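Q: Let me begin by handing over the structure; questions about it come next.
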Amino acid sequence: MASINVNPTRMELTRLKNRLKTAKRGHKLLKDKRDELMKQFLDVVRENRALRQKVEDALMRAHGSFTVASAVMSPEMLEQALLYPKQAVELTMSFQNIMSVDVPLYDFKTRRDGAAEVYPYGFATTSGELDDAVDALQSVFVDMLKLAQIEKTSQLLAEEIEKTRRRVNALEYMMIPQMEESIRYISMKLDENERAATTRLMKVKDMLVERAIEEKRMEDERGMQDFRSRQEA
7 MASINVNPTR
17 MELTRLKNRL
27 KTAKRGHKLL
37 KDKRDELMKQ
47 FLDVVRENRA
57 LRQKVEDALM
67 RAHGSFTVAS
77 AVMSPEMLEQ
87 ALLYPKQAVE
97 LTMSFQNIMS
107 VDVPLYDFKT
117 RRDGAAEVYP
127 YGFATTSGEL
137 DDAVDALQSV
147 FVDMLKLAQI
157 EKTSQLLAEE
167 IEKTRRRVNA
177 LEYMMIPQME
187 ESIRYISMKL
197 DENERAATTR
207 LMKVKDMLVE
217 RAIEEKRMED
227 ERGMQDFRSR
237 QEA
């Protein structure tokens, strides 16, 4: 108690009680936010795990097709076939708010329409395995973009969860207990002061009563002396 540095007044007590009420309400809101963030984060992690497995499987198939294509085609012919891509992609990014966290949303569109635009070579001098590899990469591109979006979302949510957790712990284990202890200290001091003031008032009252009794006694003695004097006269 002696280490508490607060002014033990009723104004300070009222101010601390209002701060404590606000801190408890903020603590509850932050805990609710943390729990909801955890729920969102776990959903994103589950989606990330499933999508990552899908992307890895697709990339393995594409790699297998490229391996077969590189085995049946000469390195020079393979490099020439893929040297100048025909298709171009425009990537756009927007944001979605999840519990006050702005997470990215990736989207893309191709500059040219048509399924054949993805192949930057003619079909006469290339193998079918290369077509399969290019088609597999083109198919997995959407999932790869989605995976990048989800992983960035999970990273941002994890950072926000950690910040919220630190705030909840600071309120729960530091600020709220300190304010409660200060309120108890001020209340105790005010009670002590009130008891001391009551004791002083009772003592003053006793002194006034004793003085009044003494004055009454002296007045009675003077009255008795005057009566006796008149009797003797």
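When you line the sequence shown up against my numbering, it's residues 7 to 239, in that order. Using N, Cα and C, we set each Cβ at its ideal position, and we do this for glycine too. All values derive from a computational prediction rather than experimental measurement.
Assign THR170 to buried or exposed, taking buried as 16 or more other Cβ atoms, counted over all protein chains shown, within 10 Å of its Cβ.
A: The residue in question, THR170, is buried, as its Cβ has 16 or more Cβ neighbours within 10 Å.
Q: My output table needs one value for VAL12: the three-state DSSP class, helix, strand or coil.
A: coil
Q: Using a threshold of 9 Å, state whether the C-beta atoms of THR116 and ALA94 are closer than that.
A: yes
Q: In the DSSP output, which residue or residues are listed as bridge partners for TYR112?
A: MET99
Q: If you measure between the beta carbons of LEU163 and TYR112, is that distance less than 9 Å?
A: no
Q: Pick from THR205, GLU216, ARG21, ILE156: whose alpha carbon is nearest that of ALA56?
A: ILE156
Q: Give me the DSSP bridge partner(s) of VAL107.
A: ILE104
Q: Have a look at GLY32 and GLU216 and give me their C-alpha separation to the nearest angstrom.
A: 58 Å
Q: If you measure between the beta carbons of LEU26 and ILE189, is that distance less than 9 Å?
A: Taking 9 Å as the Cβ cut-off, LEU26 and ILE189 qualify as a contacting pair.
Q: Just confirm the distance between the C-beta atoms of ALA149 and LYS60, as a whole number of angstroms; I'd bet it's less than 8 Å.
A: The residue asked about is misnamed: residue 149 is Asp in this sequence, not Ala. Yes, ASP149 and LYS60 are in contact; Cβ-Cβ is about 6 Å, under 8 Å.
Q: Does the beta-carbon of GLU42 have 16 or more other beta-carbons within 10 angstroms, so that it is buried, or is it exposed?
A: exposed
Q: Does PRO91 come out as helix, strand or coil in the three-state DSSP assignment?
A: Correct three-state label for PRO91: coil.
Q: Where ILE219 and SER193 are concerned, what is the direct C-alpha to C-alpha distance, given to the nearest angstrom?
A: 39 Å
Q: Would you mind working out which of THR204, LEU207, LEU196, ARG206 sits nearest LEU19, comparing C-alpha positions?
A: The alpha carbon of LEU19 has as its nearest neighbour, out of THR204, LEU207, LEU196, ARG206, the alpha carbon of LEU196.
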